[in-house]
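Here the sequence shown is numbered in my numbering, starting from 2 and rising by one per residue.
Glycine included, each C-beta is placed from N, C-alpha and C at the ideal position.
All remarks here apply to the structure that follows.
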Amino acid sequence: MKTILIADDDPVMVKLMEFNLRRAGYGTLVCREGLSVGERVRAERPDLILLDVMLPGRSGLELLRDFQGDPALAQLPVVVVTSQGKDSTQGELLAAGARQVFTKPFSPTILIACVSQLLGESAPPPKE
């Protein structure tokens with residue numbers, strides 16, 4: 002089972018993403034603040050990260066730059082979920098290494114399809 006690390010401080014958003022990811026057959030890990038994300042990624046080795054930009058401690062942009070500077074993590078797919086919908090912000094996040102940027106609110110179905118594609122899988126059908 003592939004594991005997704007969700008780094009978001011909004012409990013409602015975390016529950017929404019966890020529910021949809023588990024329903025699609027993925028395991029989940031959660032970090033609610035930025036300071037523990039790097040350590041957790043190195044210890045748990047998730048297959049993909051869903052990363053919020055606005056995290057207490059370290060921002061998603063700082064974390065993206067950290068990952069790109071670490072050869073062991075530079076290829077880890079990171080999908081950013083943010084409430085900052087500016088084109089300039091999205092461009093900066095993509096330039097820093099994000100594979101995709103979703104602006105909140107977003108479609109859980111599209112997010113799962115993106116995750117599946119980045120992990121080299123076909124999108125699993127939703128479980129009833």
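Unbroken alpha helix (DSSP H) run spanning residue i, endpoints
i	result
residue 22	12-24
residue 85	Looking at the DSSP string, residue 85 is not in any alpha helix (DSSP H), and its letter there is neither H nor E.
residue 49	Unbroken run through residue 49 is the beta strand (DSSP E), 49-53; no alpha helix (DSSP H).
residue 61	61-69
residue 41	38-45
residue 119	109-119
Beta-carbon contacts of residue i that lie in its chain and below 7 Å, excluding the five residues immediately before and after
i	result
residue 32	6, 8, 38 and 41
residue 47	4, 5, 6 and 30
Cβ-based burial, residue i [other Cβ within 10 Å; buried from 16]
i	result
residue 2	exposed
residue 57	exposed
residue 106	exposed
residue 99	buried
residue 110	exposed
residue 101	buried
residue 13	exposed
residue 120	exposed
Of the listed residues the options, nearest to residue i (C-alpha basis)
i	options	result
residue 79	54, 88 and 59	54
residue 22	10, 85, 97 and 51	51
residue 96	118, 10 and 69	69
residue 104	82, 121 and 94	82
residue 112	10, 25 and 11	25
Spatial neighbours of residue i in its chain, beta-carbon cut-off 8 Å, leaving aside the 5 residues before and after
i	result
residue 43	73 and 74
residue 35	8, 56, 57, 58, 59, 60, 61, 63 and 64
Host beta strand (DSSP E) of residue i (start-end)
i	result
residue 102	101-104
residue 28	28-32
residue 6	4-8
6 Å CB neighbourhood of residue i in its chain, flanking five on each side removed
i	result
residue 27	3 and 5
residue 17	none
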